[in-house]
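Data block below; observations after.
Residue numbers (the UniProt record's numbering): 1 to 195.
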């Protein structure tokens, strides 16, 4: 178990996400849940929603079968289409089964989640400096907190712009609205181009 604890701790320091394979079942050699909990400095707890799933699979589950409901404190379950067994995740760690078919199925669920929400982005390239556009950007950002607005000055005389403004949101409509408001608040010749 020590090697799992050390490996998880080392991997967490170097990677955005950590995946384990195997050791999450009900037998004596399934120690990954406990090792991950120890690596995180947490307790092993029994997840009520997982207890319910185990009981749905078996009318009278054994104490060993109930170990399937154990997880590091703070873990969550990701529902998975086509399987009664959800993905177990805690922080940036995904605990996957060692059985290849189950591993593949659960990995697909995890990868779909990690792809995240698509972002709509518009870039405005301005001939004005940040001080000249700050008030307009401040107003739009305050009125539209669900839109991410970034301002990036450049100090390269070979470029045709002084500031690149980025406008991002999960939906295209708020991006378009923010761009229209920024355009409306700036002099007509301030924007060199829009991408």
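Just so you know, even glycine gets a beta-carbon here, dropped at the ideal spot from N, CA and C.
Source: prediction; values computed, not measured.
Residue burial classification, residue i (beta-carbon count within 10 angstroms, cutoff 16)
i	result
residue 101	exposed
residue 106	buried
residue 95	buried
residue 159	exposed
Beta-carbon separation (whole angstroms), residue i vs residue j, contact threshold 8 Å
i	j	result
residue 91	residue 40	7 Å
residue 113	residue 162	That belief does not hold up - the Cβ atoms of residue 113 and residue 162 are roughly 40 Å apart, past 8 Å.
residue 199	residue 175	Within the shown structure, residues of the chain are numbered from 1 to 195, placing residue 199 beyond reach of any answer.
residue 42	residue 73	4 Å
Bridge partner(s) assigned by DSSP for residue i
i	result
residue 71	45
residue 120	169
residue 223	Any question about residue 223 goes unanswered here, given that the chain covers just 1 to 195.
residue 150	166
residue 193	125
residue 176	Bridge partners of residue 176: none, in fact.
residue 59	Per DSSP, none; premise fails for residue 59.
residue 76	89
Nearest residue (CA-CA) to residue i, options the options
i	options	result
residue 279	58, 53 and 187	No answer is possible for residue 279: the residues shown for the chain start at 1 and end at 195.
residue 1	25, 183, 36 and 16	36
residue 33	98, 130, 14 and 79	98
residue 237	29, 21, 57 and 71	Residue 237 is absent from the structure shown; the chain starts at 1 and stops at 195.
residue 58	84, 95 and 73	84
residue 154	129, 136, 5 and 137	129
residue 144	88, 21, 3 and 173	173
residue 4	23, 185 and 177	23
residue 198	193, 157 and 136	Absent from the structure is residue 198, since the part of the chain shown begins at 1 and ends at 195.
Cβ-based neighbour list, residue i, same chain, cut-off 8 Å, excluding 5 preceding and 5 following
i	result
residue 12	18, 39, 91, 92 and 93
residue 51	66 and 69
residue 148	166, 167, 168 and 169
residue 152	163, 164, 165 and 166
residue 29	23
Same chain, Cβ closer than 7 Å to residue i, five either side skipped, listed in chain order
i	result
residue 55	61
residue 26	64, 65, 67 and 68
Close-in-space but distant-in-sequence residues of the same chain around residue i (CB under 6 Å, 5 per side omitted)
i	result
residue 195	123
residue 181	140
residue 86	77, 78, 79 and 80
residue 150	166
residue 20	32 and 95
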